[in-house]
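Using my numbering, read the sequence shown as starting at 1 and increasing by one per residue.
Data first, discussion second: the structure below is written as structure tokens.
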Amino acid sequence: MKGIYKIAGVVAGLAVVVSGHPTPQEKREAAAPGGITDTDILQLSRARVSGGKRDELTQLYSALTLEHLESTFYSDGFKKFPDSDFLALGLQQSDVDDLKQIGQTEATHVKTLQTVLQAAGQTPVQPCTYNFGFTNAAGMVATARILEAVGISAYIGAAPLVNSSDILTAAATIVTVEARHQTFIRLASGAQPVPGAFDTPLGVRGVFTLAAAFIQSCPQGSSLPIQPFAALQVNNNVNITAGTTLSLMDPNQLQQLGGVAFCAFTGGDGTQFVGLAGGSCTVPNGLTGEIYLTLTKDGKTLSDDQVLAGSVFPPACVLGSPLTG
């Protein structure tokens, strides 16, 4: 299973990195999907950066930041918890081995992105200090499920921004595998394997807002020039179903925001808006799939310039069964 893959050319942190296994260069090239090799990636990055597109560097830095996060996540988790902890969850040894392979792949992605940036005459960003918040193997699997969901949403959200058909094809060959990975994670954690008919797109600031929740600090020069949205916390985050009233903020905070705000519940079927009253809003019916909650000033259209806070995962919306009432 692989995590979030990137290559130069996908806007604001979502570039597709095509790599194989931690083997010699010729084996990685033979294994690369879509006929794209590490050498091709290197040549592409050189051409695009030399063309004066500084935003491409931002994309590569963003990709490396996310790959550092994922690589460290799996590395730290498997150092902290022995195989027996995962077997106690009902997983088979082959399942545990597959989870470990994810981390090995992420480490390969980090090395590939570092090579691309160095070839462009840039200094790669360093890994940050993270807090993944897991205290047991079950918590690690639950967090992996979130990271995989965000990876899929990030790919879909970035697809309209890809101009190169070659890159889009390469991304498509990987995102389908990403979806299989998420299905495995959901099954391993006891969740419904296919929670909805459609996956959920998410913009780059929403993606980085979710990633930033795990980042405590970064070395000097390694912070991304992407501004996350303000944090949004669901205060009553257990047993959430359709009709549940979510407590999000003190009513006085709402007045400071101008007194009018909406909860935007975004899934593969689109976005449903619910008015925020007294710092709370009610989960609507008919939500399926991976759902992101955002606080916005506009009750009709969800756009970055109208977002007040979020995105976050209301736990049952994303990790449990479809919310159908």
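Ideal Cβ positions, reconstructed from N, Cα and C, are used throughout, including at glycine.
Min CB distance residue i to chain C below 9 Å
i: I102; result: The question asks about chain C, but that chain is absent: this structure has only one protein chain.
Boundaries of the alpha helix (DSSP H) in which residue i is found, first to last residue
i: T209; result: V204 to A212
i: S223; result: Note, S223: premise wrong, no alpha helix (DSSP H); not H, not E.
i: Q92; result: Note, Q92: premise wrong, no alpha helix (DSSP H); not H, not E.
i: V141; result: A137 to A158
Cβ separation of residue i and residue j, assumed to be a contact under 8 Å, to the nearest whole Å
i: A138; j: L89; result: 6 Å
i: L295; j: L276; result: 7 Å
i: Y74; j: I102; result: 6 Å
i: G268; j: G286; result: The Cβ separation is near 12 Å, so there is no contact.
i: H68; j: V116; result: With a Cβ gap of about 14 Å, H68 and V116 do not count as contacting.
i: R205; j: Q227; result: 7 Å
i: A107; j: S71; result: 5 Å
i: V331; j: L293; result: For residue 331 there is no data in the structure shown, the boundaries of the chain being 1 and 325.
i: E178; j: G151; result: 6 Å
i: T266; j: I240; result: No, T266 and I240 are not in contact; Cβ-Cβ is about 16 Å, not under 8 Å.
i: P193; j: S153; result: Actually they are not in contact, since the Cβ atoms of P193 and S153 sit about 17 Å apart, beyond 8 Å.
i: A242; j: V175; result: No, A242 and V175 are not in contact; Cβ-Cβ is about 29 Å, not under 8 Å.
i: L64; j: P160; result: Between P160 and L64 the Cβ distance is about 23 Å, and since that is not below 8 Å, they are no contact.
Selection from the options that minimises the alpha carbon distance to residue i
i: I215; options: S84, A179, G133 and A142; result: G133
i: V234; options: S94, L113 and G310; result: G310
i: G203; options: A158, F262 and Q104; result: A158
i: Y130; options: D199, S217 and Q122; result: S217
i: G278; options: Q272, Q253, L293 and D269; result: Q253
i: S223; options: A212, R180 and N239; result: A212
i: F208; options: Q93, A191 and A231; result: A231
i: C263; options: D250, C281, Q256 and G270; result: C281
i: F81; options: L64, G121, H109 and V141; result: V141
i: K300; options: G270, V312 and Y292; result: G270
i: Q272; options: Q192, Q104, A119 and D298; result: D298
i: P219; options: Q122, C128 and A149; result: C128
i: T143; options: L99, T266, T105 and A120; result: L99
i: R145; options: T176, I185 and A261; result: I185
i: T244; options: L113, V274, Q256 and S94; result: V274
i: D304; options: Q256, A149, P225 and F229; result: F229
i: Q210; options: Q122, E148, N136 and Q93; result: Note on identity: in this sequence residue 210 is Leu, with Gln being the wrong assignment. The shortest C-alpha separation from L210 is found at E148.
i: G190; options: T105, V260 and L91; result: L91
i: T135; options: G77, L66, D199 and F198; result: G77
i: F373; options: V238, A172, I156 and T112; result: Absent from the model: residue 373. The displayed extent of the chain is 1 to 325, so no value can be given.
i: G221; options: Q126, V96 and A120; result: Q126
DSSP bridge partner residues for residue i (one or two, in chain order)
i: A309; result: L295
i: I215; result: Y130
i: V352; result: Since the first and last residues shown for the chain are 1 and 325, residue 352 lies out of range.
i: A264; result: F273 and T294
i: T282; result: T245
For residue i, the first and last residue of its enclosing beta strand (DSSP E)
i: G270; result: G270 to G275
i: T245; result: T245 to S247
Any non-hydrogen atom of the ligand SAM closer than 8 Å to residue i Cβ
i: F229; result: In terms of ligand content, the structure shown is empty, and the ligand SAM therefore cannot be addressed.
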